[in-house]
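Enquirer: Structure in structure tokens, see below.
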DNA sequence: ATTAAATGCGTTAACGTTAACGCAAAATGT
DNA sequence: ACATTTTGCGTTAACGTTAACGCATTTAAT
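Structural data, given as structure tokens:
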């Protein structure tokens, strides 16, 4: 159970019969060491698994680490990114004794220009790590390919193929969609009929996979139909109302609706407010507006991507890699998490105040 | 956003006009300081919010921290505690550069004698922190009251009133029961009839609250009946079969069953294996046996208490308190988490291998 | 052949904290 | 009055790592 004490640079030096300076030069590739000595030292380093004591290193260097977050504006996606920032903020506070500093760099997720402007505003010289939301894959890819190769980065929320992040943090969108189907089916009491997917009109890989998962759930069931409809701009009131009206005209009696992103509140507000019948609605993300409507009963289920946890993990794993030089798992999967109106506990709420009633163990 | 640099002991000393030795004596209450000097130093320490650099301290002291886990045997509750241990183990590995060492002290949760024997085997002299599962409240209370007051401890899984733990980690059992009701109702397609609770015959506060929550869900609904039955020993095959047989005789057609603890697999195995009809069953905890039956479809839903996360958090928060001397939130609520057969991802699995298919972002 | 540069290595001073040690001066005991 | 203890404080050596610096040799350049 107890691993043995870590070997120190001084002990390595003694074993080889050189000074610590020489060992240090080998360790940091600072040259001025003969090939034979270098080999001997490298052999021992390997043999004894020497790893520099991160505490001593930090003490000596007094290094301040700068991590940059490249993410959509915090208010976008109905405030989703703000939830991520809460987790990031908390991690930053906890890790401040280690000299971790966080800088938020936000862009408009619908503007390539904004992305580039923001990306270029990051001062790469004194950047020790990047937290990236690859929400515009092509641009992110392009930018990363021109990046100095020595800057470590993590992906959160989504990922990109064929890259080398320290780790990828995210939720399986296919599975989320599948489960959305399952829950929607239950909330509709397995009634036969037509079930709708409402999605933004975008190329977003995540959204597509969620829809695929949702459709996969219904594929083998008999008596059920599914319809996918995309809306060009859910944030714009007229567009939204026009879209939903024509949807209801086309499908007059949908048994349930799955909104594949965080704009589910816009849908639920129109379809389930002041109506004589309730359409089961399931959507994504516990953003404030969605939370409110969940509480009011206009939304039935929300799938959470656990944004604050993702943000926290992104910072923490980067710290583990950069400061502690530990080995990080290549993937950090985020379990799919449901919220009904009865189990609303905001994780890492901004003010750290949790609702007492949700946690009353005694009396 | 950037907090200013922490003040050092040397700077405090300079400001007061004494040496660092004197300041250190004040900080550690080692006497040999005049009252006036002490006051001056204390004032400045307060004013500038001096806090010793945990890295330097650890470097100097080379202090090894010993944390003891006082918990039921890892195999008890169908292996539930083993899952907690996984999270503890992982935290211990991550924190090993800080000299954290973990010692597992396990007892039989059904034997007071075993509890005392185990509790007394903890060498309190070199104990820097305790992780406590207060699963036998009376004995734990008694033991804690006789404990030297300077040892910090955290509660996980459950808590005790009127104590001063560093933090309490746990899930709201009432809410969990309530949601179990809600989900069971959905899985039974809201069919009218009788719904059963099966619980162990014990005084366990958690279990009681879960049942209360479950009953609360049905209380205001019309056409639904609920029946609570306790079984003396679910682990014993004959007792179990006798219990379930008489249950089915009494309630021939239950619409759904809620098992208020992790022994749901025993129930599902008998009631839903090789039967022509499926009774919706919901239970607690993603222990291996339950996971298997969930996968096979004999169990419909499992509520997870996120044992590995609880274990991880318990160690991590204790580390934050003891090593970093940070302020810890008084309560760490564990959100209620559901598993269906489609979203099985084991958090913190022992071998750190996650199921790839659950996290395939691309293609 | 002489100077200059490069190589190979050791030494050392920090980083901030802690606690042992030392040493006056004051307080106490006989 | 003198010995002894106590008080109040400063000094210092670690802890492990890093990188600047120094100093011989060896190698290269003119």
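Residue numbers (this note's numbering), protein chains in the order written: chain A, 25 to 387; chain B, 25 to 387.
C-beta atoms are modelled at their ideal positions from N, C-alpha and C, and glycine is treated no differently.
All values derive from a computational prediction rather than experimental measurement.
Alpha carbons only, please: which of A:283, A:267 and A:268 is nearest the one belonging to residue 235 of chain A?
Expert: In the first chain, counting from the first residue as 1, residue 235 of chain A sits at position 211. Of the listed residues, the one whose Cα sits closest to residue 235 of chain A is A:283.
Enquirer: Taking all protein chains shown into account, do 16 or more other C-beta atoms lie within 10 angstroms of the C-beta of residue 173 of chain B, making it buried, or fewer, making it exposed?
Expert: As a working note, residue 173 of chain B is residue 149 in the second chain. With fewer than 16 other Cβ atoms within 10 Å, it is exposed.
Enquirer: Taking the CB atoms as reference points, tell me whether residue 204 of chain A and residue 306 of chain A lie closer together than 7 Å.
Expert: In the first chain, the residue the question calls residue 204 of chain A occupies position 180. In the first chain, the residue the question calls residue 306 of chain A occupies position 282. Cβ distance < 7 Å, so residue 204 of chain A and residue 306 of chain A count as in contact.
Enquirer: Any beta carbon from chain B within less than 7 Å of residue 367 of chain A's own beta carbon?
Expert: Position 343 of the first chain, counting from 1, holds the residue named residue 367 of chain A. At least one chain B Cβ lies under 7 Å of residue 367 of chain A.
Enquirer: Less than 7 Å between the C-beta atoms of residue 241 of chain B and residue 206 of chain B, yes or no?
Expert: To locate residue 241 of chain B, count along the second chain from 1; it is residue 217. To locate residue 206 of chain B, count along the second chain from 1; it is residue 182. Yes, these two residues count as a Cβ contact at 7 Å.
Enquirer: Considering just the uninterrupted stretch of the alpha helix (DSSP H) at residue 63 of chain A, what are its terminal residues?
Expert: To locate residue 63 of chain A, count along the first chain from 1; it is residue 39. Segment 59-72, the alpha helix (DSSP H) holding residue 63 of chain A.
Enquirer: Going straight from the alpha carbon of residue 274 of chain B to that of residue 243 of chain A, what length do you get?
Expert: Taking the second chain and counting its residues from 1, one reaches residue 274 of chain B at position 250. Taking the first chain and counting its residues from 1, one reaches residue 243 of chain A at position 219. Answer to the nearest angstrom: the Cα atoms are 40 Å apart.
Enquirer: Three-state secondary structure (DSSP) at residue 125 of chain B?
Expert: Within the second chain, numbered from 1, the residue matching residue 125 of chain B stands at position 101. Here residue 125 of chain B sits in strand by DSSP.
Enquirer: So who's on the other strand from residue 254 of chain A, going by DSSP bridges?
Expert: Sequence index remark: in the first chain, residue 254 of chain A carries index 230 (1-based). BP columns for residue 254 of chain A point to A:223.
Enquirer: Quick one: give me the first and last residue of the alpha helix (DSSP H) that residue 107 of chain B is part of.
Expert: Residue numbering aside, residue 107 of chain B sits at position 83 when the second chain is read from its first letter. First-last of the alpha helix (DSSP H) with residue 107 of chain B: 100-118.
Enquirer: For chain A, check one thing: does any of its Cβ atoms lie closer than 7 Å to the Cβ of residue 176 of chain B?
Expert: Taking the second chain and counting its residues from 1, the one referred to as residue 176 of chain B is at position 152. So no, residue 176 of chain B is outside the interface.
Enquirer: Determine the contact status of residue 345 of chain A and residue 352 of chain A, defining contact as a CB-CB distance below 7 Å.
Expert: As a working mapping, residue 345 of chain A is identified with position 321 in the first chain. As a working mapping, residue 352 of chain A is identified with position 328 in the first chain. In contact: residue 345 of chain A and residue 352 of chain A (Cβ atoms closer than 7 Å).
Enquirer: Closer than 7 Å, CB to CB, is residue 276 of chain B near chain A or not?
Expert: Locating residue 276 of chain B in the second chain gives position 252, where the first residue counts as 1. No, because no Cβ of chain A sits closer than 7 Å to the Cβ of residue 276 of chain B.
Enquirer: Are residue 423 of chain A and residue 104 of chain A close, meaning C-beta to C-beta below 7 Å?
Expert: Absent from the model: residue 423 of chain A. The displayed extent of chain A is 25 to 387, so no value can be given.
Enquirer: Out of A:347, A:335, A:359 and A:197, which one is the CA nearest neighbour of residue 156 of chain A?
Expert: Indexing the first chain from 1 puts residue 156 of chain A at position 132. Residue 156 of chain A has its Cα closest to that of A:335, out of A:347, A:335, A:359 and A:197.
Enquirer: How would you label residue 41 of chain B, buried or exposed, when you count the other beta carbons within 10 angstroms and need 16 or more for buried?
Expert: Looking up residue 41 of chain B in the second chain gives position 17. It is exposed - the Cβ of residue 41 of chain B has fewer than 16 other Cβ atoms within 10 Å.
Enquirer: Contact between the segment 128-137 of chain A and the segment 149-163 of chain A: three or more CB pairs below 8 Å?
Expert: Verdict: yes, contact present.
Enquirer: The beta strand (DSSP E) spanning residue 179 of chain A covers which residue range?
Expert: Reading the first chain from its first residue, position 155 is the one you call residue 179 of chain A. It spans 177-180 - the beta strand (DSSP E) in which residue 179 of chain A sits, taken as one unbroken run.
Enquirer: Please name the residues in the segment 70-85 of chain B whose beta-carbon is closer than 8 Å to at least one beta-carbon of chain A, in chain order.
Expert: Listed by position along the chain: 77, 78, 79, 80, 82 and 83.
Enquirer: In whole angstroms, give me the CA-to-CA distance for residue 364 of chain A and residue 211 of chain A.
Expert: Counting from one through the first chain, the residue named residue 364 of chain A turns up at place 340. Counting from one through the first chain, the residue named residue 211 of chain A turns up at place 187. Roughly 11 Å between the two C-alpha positions.
Enquirer: Do we get a CB-CB distance below 7 Å when we pair residue 303 of chain B with the residues of chain A?
Expert: By 1-based counting over the second chain, the position of residue 303 of chain B is 279. No, its Cβ sits nowhere closer than 7 Å to a Cβ of chain A.
Enquirer: So is residue 23 of chain B in contact with chain A if we call contact Cβ pairs under 7 Å?
Expert: Not covered by the structure: residue 23 of chain B. The range shown for chain B is 25 to 387.
Enquirer: Within 7 Å (strictly less), CB to CB, does residue 214 of chain B reach chain A?
Expert: By 1-based counting over the second chain, the position of residue 214 of chain B is 190. For residue 214 of chain B, the answer is yes, since a Cβ of chain A falls inside 7 Å of its Cβ.
Enquirer: Pick helix, strand or coil for residue 308 of chain A, following the three-state DSSP scheme.
Expert: Indexing the first chain from 1 puts residue 308 of chain A at position 284. Here residue 308 of chain A sits in strand by DSSP.
Enquirer: At the 7 Å Cβ level, is residue 121 of chain A part of the contact set with chain B, yes or no?
Expert: Residue mapping note: residue 121 of chain A aligns to position 97 of the first chain, counting from 1. So, interface residue.
Enquirer: From the DSSP output, in three-state form, read off residue 282 of chain B for me.
Expert: Here residue 282 of chain B refers to the residue found at position 258 when the second chain is read from its first residue. The answer is strand: DSSP assigns residue 282 of chain B an E or B state.
Enquirer: If you draw a straight line from the C-alpha of residue 169 of chain B to the C-alpha of residue 195 of chain B, how long is it?
Expert: Along the second chain, one-based indexing puts residue 169 of chain B at 145. Along the second chain, one-based indexing puts residue 195 of chain B at 171. Computed Cα separation, rounded: 25 Å.
Enquirer: Residues of chain A with CB closer than 7 Å to the CB of residue 360 of chain B, please, in chain order.
Expert: Taking the second chain and counting its residues from 1, one reaches residue 360 of chain B at position 336. Residues of chain A passing the Cβ test: 367.
Enquirer: Go ahead and pull the three-state DSSP assignment for residue 47 of chain B.
Expert: For the purposes of this step, residue 47 of chain B is identified with residue 23 of the second chain, where counting begins at 1. Helix.
Enquirer: Going along the chain, which residues of its own chain have a beta-carbon closer than 7 Å to the beta-carbon of residue 43 of chain A, five neighbours each way excluded?
Expert: Taking the first chain and counting its residues from 1, one reaches residue 43 of chain A at position 19. These residues qualify, in order along the chain: 37.
Enquirer: Can you give me, in chain order, the residues of the segment 331-350 of chain A that have a beta carbon less than 8 Å from any beta carbon in chain B?
Expert: Residues passing the 8 Å Cβ filter: 344, 348 and 350.
Enquirer: Got a sec: is the Cβ-Cβ distance from residue 180 of chain B to anything in chain A below 7 Å?
Expert: Against the second chain, residue 180 of chain B aligns to sequence position 156. Chain A, which has no Cβ nearer than 7 Å to the Cβ of residue 180 of chain B, makes this no.
Enquirer: Could you check whether the Cβ of residue 203 of chain B sits closer than 7 Å to any Cβ belonging to chain A?
Expert: The count along the second chain starts at 1 and reaches residue 203 of chain B at position 179. It does: the Cβ of residue 203 of chain B has a partner Cβ on chain A nearer than 7 Å.
Enquirer: Taking a contact to mean a Cβ-Cβ separation below 7 Å, would you say residue 197 of chain A touches residue 144 of chain A in this structure?
Expert: Looking up residue 197 of chain A in the first chain gives position 173. Looking up residue 144 of chain A in the first chain gives position 120. It is not a contact, given that the beta carbons lie outside the stated cut-off.
Enquirer: Per DSSP, what kind of secondary structure is residue 130 of chain B in: helix, strand or coil?
Expert: As a first step, residue 130 of chain B must be located in the second chain, where it is residue number 106. Note: residue 130 of chain B maps to strand in three-state DSSP.
Enquirer: Assess, as a yes-or-no matter, whether the segment 324-343 of chain B is touched by the segment 109-119 of chain B under the definition of 3 or more beta carbon pairs within less than 8 Å.
Expert: Yes, they touch.
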